[in-house]
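Protein chains in written order, with the working numbering: chain R, 6 to 208; chain G, 6 to 208.
This is the structure in structure tokens:
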């Protein structure tokens with residue numbers, strides 16, 4: 006079993022943080038996406054999107070997408086549960102996990118890709134759309150700050166994979182200087198400080 | 006228990022198809038997004054993103070996001086399982102469900118929003134980005150066609166919620182005339198014809 010990844014990529018961090026929280030070891034294989042090592046036909050056979058992370062099972066099956074990899078391990082190592090403990094909590098974790106993706110990871114990623122032009126060898130860039138996406142990401146930090154004014158974690162007092170997804174999305178924002186401020190986002194800052202105390206934070 | 010929805014919205018169809026597959030009844034409450042009924046402060050208290058569908062539980066909890074609603078019911082009504090039957094299958098369903106969102110629903114939605122300007126009263130539009138998104142959606146239909154050349158469903162011979170997500174994303178493309186062709190996408194067409202035979206298809 007191997008996990009193909011690029012250490013500084015935010016979706017790879019989601020998997021690494023998850024694995025530390027669960028106490029699961031894995032073999033990590035580096036794929037340098039800055040050099041385009043993920044663009045080879047060989048890598049495309051692992052993931053049609055040519056992205057990392059990808060989990061390779063011992064039977065040769067490839068599982069792409071960070072959340073899919075996490076769910077694979079959640080089934081095999083259910084304790085401690087990170088995807089919710091009952092129907093309502095599972096639904097709330099899924100809801101916040103998707104908000105982490107659609108409200109933060111995605112707009113930050115669009116800002117990064119379309120403004121920095123980092124991947125312009127492999128995609129068309131629309132800087133105005135990228136700038137607008139960055140503004141939406143910043144605006145969502147206000148929404149998050151408001152949420153954390155009366156919630157310890159995204160789903161009440163239950164730490165979940167949604168918190169991992171959200172903090173990885175939030176920290177990814179730094180690449181385009183999209184950051185919360187202690188002054189304007191005290192509750193969001195408090196939540197992040199709390200996550201920093203977990204051993205998984207530095208994974 | 007109520008489900009707030011707008012009948013022609015693709016993410017609402019995902020939930021309705023799912024409910025028919027599981028044989029679960031629910032009260033559906035129409036929210037006319039073309040008239041902005043979802044933009045009220047009252048609706049924002051149901052979903053910070055002011056989107057449909059939203060599930061209201063009897064205890065007053067709101068669950069937004071189509072997949073979160075599906076997962077809520079999957080826990081309470083596990084048969085027939087639509088999110089996978091073991092760790093590997095659950096991971097593969099999650100992987101394809103995310104591909105349905107990121108590779109098709111999202112680019113189709115971006116094309117619709119940025120080219121048609123349907124929601125231009127509530128967002129900035131970047132038509133060039135929208136056109137490019139449409140092209141990416143079409144290109145993904147080639148990838149899907151290739152996948153279905155040797156797979157009955159997205160995850161082998163197992164019909165799952167990922168097939169629901171994908172067909173709702175595919176059919177949403179019609180709004181911008183992003184369609185597969187029988188000639189160029191025979192396997193994708195075969196897969197869709199197969200889904201058409203299910204009672205849930207017209208949900």
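Every residue, glycine too, gets a C-beta built ideally from N, C-alpha and C.
| query | result |
| --- | --- |
| With DSSP as the reference, identify every bridge partner of residue 32 of chain R, one or two as the case may be. | R:7 |
| Would you tell me roughly how many angstroms separate the C-alpha atoms of residue 55 of chain R and residue 44 of chain R, rounded to the nearest one? | 6 angstroms |
| Give a yes or no on whether 7 angstroms exceeds the smallest Cβ distance from residue 14 of chain R to chain G. | no |
| Does the Cβ of residue 85 of chain G have 16 or more other Cβ atoms within 10 Å, making it buried, or fewer, making it exposed? | exposed |
| Would you call the CB atoms of residue 95 of chain G and residue 90 of chain R closer than 7 angstroms? | no |
| Give me, in chain order, the residues of the same chain whose beta-carbon lies closer than 8 angstroms to that of residue 126 of chain R; leave out the 5 immediate sequence neighbours on both sides. | 41 |
| So what does residue 163 of chain G bridge to, in DSSP terms? | G:160 |
| How about residue 134 of chain G: is its C-beta nearer than 7 angstroms to some C-beta of chain R? | yes |
| Given that a residue counts as buried once 16 or more other Cβ atoms are within 10 Å of its Cβ, and exposed if not, what is residue 12 of chain G? | exposed |
| Using a threshold of 7 angstroms, state whether the C-beta atoms of residue 116 of chain R and residue 139 of chain R are closer than that. | yes |
| Work out the CA separation of residue 153 of chain G and residue 68 of chain G for me, nearest whole Å. | 33 angstroms |
| Check whether chain R comes within 7 angstroms of residue 3 of chain G, counting only Cβ atoms and requiring the distance to be less than that. | Given that chain G is displayed from residue 6 to residue 208, the structure contains no residue 3 of chain G and the question cannot be resolved. |
| So, using beta-carbon positions, are residue 20 of chain R and residue 58 of chain R closer together than 7 angstroms? | yes |
| Please give me, in chain order, every unbroken run of the beta strand (DSSP E) with length at least 3 that falls completely inside the segment 42-78 of chain R. | 59-61, 67-69 |
| Please decide whether residue 20 of chain R counts as near chain G, where near means a Cβ-Cβ distance under 7 angstroms. | no |
| Quick check on the DSSP output: the alpha helix (DSSP H) that includes residue 207 of chain G runs from which residue to which? | Counting along the chain, residue 207 of chain G falls outside any alpha helix (DSSP H), and DSSP gives it neither H nor E. |
| If distances are taken between C-alpha atoms only, which option among G:92, G:130, G:135 comes closest to residue 110 of chain G? | G:135 |
| Let's test the definition: count the other Cβ atoms within 10 Å of the Cβ of residue 128 of chain R and tell me whether it reaches 16, buried, or not, exposed. | exposed |
| Considering only the alpha carbon of each residue, which of G:206, G:162, G:198, G:144 lies closest to residue 183 of chain G? | G:144 |
| Let's see if you can read the secondary structure: which residues bound the alpha helix (DSSP H) around residue 137 of chain R? | 132-153 |
| Residue 101 of chain R and residue 31 of chain R: beta carbons closer than 7 angstroms? | no |
| With residue 104 of chain R as the anchor, note down where its alpha helix (DSSP H) starts and where it stops. | 92-104 |
| Is the CB-CB distance between residue 132 of chain R and residue 120 of chain R below 7 angstroms? | yes |
| Check this for me: beta carbons of residue 61 of chain G and residue 7 of chain G, under 7 angstroms apart or not? | yes |
| Compute the Euclidean distance between the alpha carbons of residue 27 of chain R and residue 122 of chain G, then round it to the nearest angstrom. | 45 angstroms |
| What three-state label does DSSP hand residue 187 of chain G in the structure shown? | coil |
| Measure from the alpha carbon of residue 99 of chain R to the alpha carbon of each residue in G:107, G:196, G:74, then state which is nearest. | G:74 |
| Hey, how far is the Cα of residue 190 of chain R from the Cα of residue 25 of chain R? | 28 angstroms |
| Of all the CB atoms in chain G, is at least one closer than 7 angstroms to the CB of residue 90 of chain R? | no |
| Taking a contact to mean a Cβ-Cβ separation below 7 angstroms, would you say residue 29 of chain R touches residue 78 of chain R in this structure? | yes |
| Quick one, which of R:36, R:103, R:142, R:22 has its alpha-carbon nearest residue 180 of chain R's? | R:142 |
| Does the beta carbon of residue 53 of chain G sit closer than 7 angstroms to a beta carbon anywhere in chain R? | yes |
| Work out the CA separation of residue 72 of chain R and residue 201 of chain R for me, nearest whole Å. | 21 angstroms |
| Looking only at its own chain, which residues have a Cβ that is under 6 angstroms from the Cβ of residue 51 of chain G, when we skip the five neighbours before and after it? | 59, 67 |
| Would you check if the distance between the CB atom of residue 97 of chain G and the CB atom of residue 36 of chain G is smaller than 7 angstroms? | no |
| What is the DSSP secondary structure of residue 15 of chain R, reduced to helix, strand or coil? | helix |
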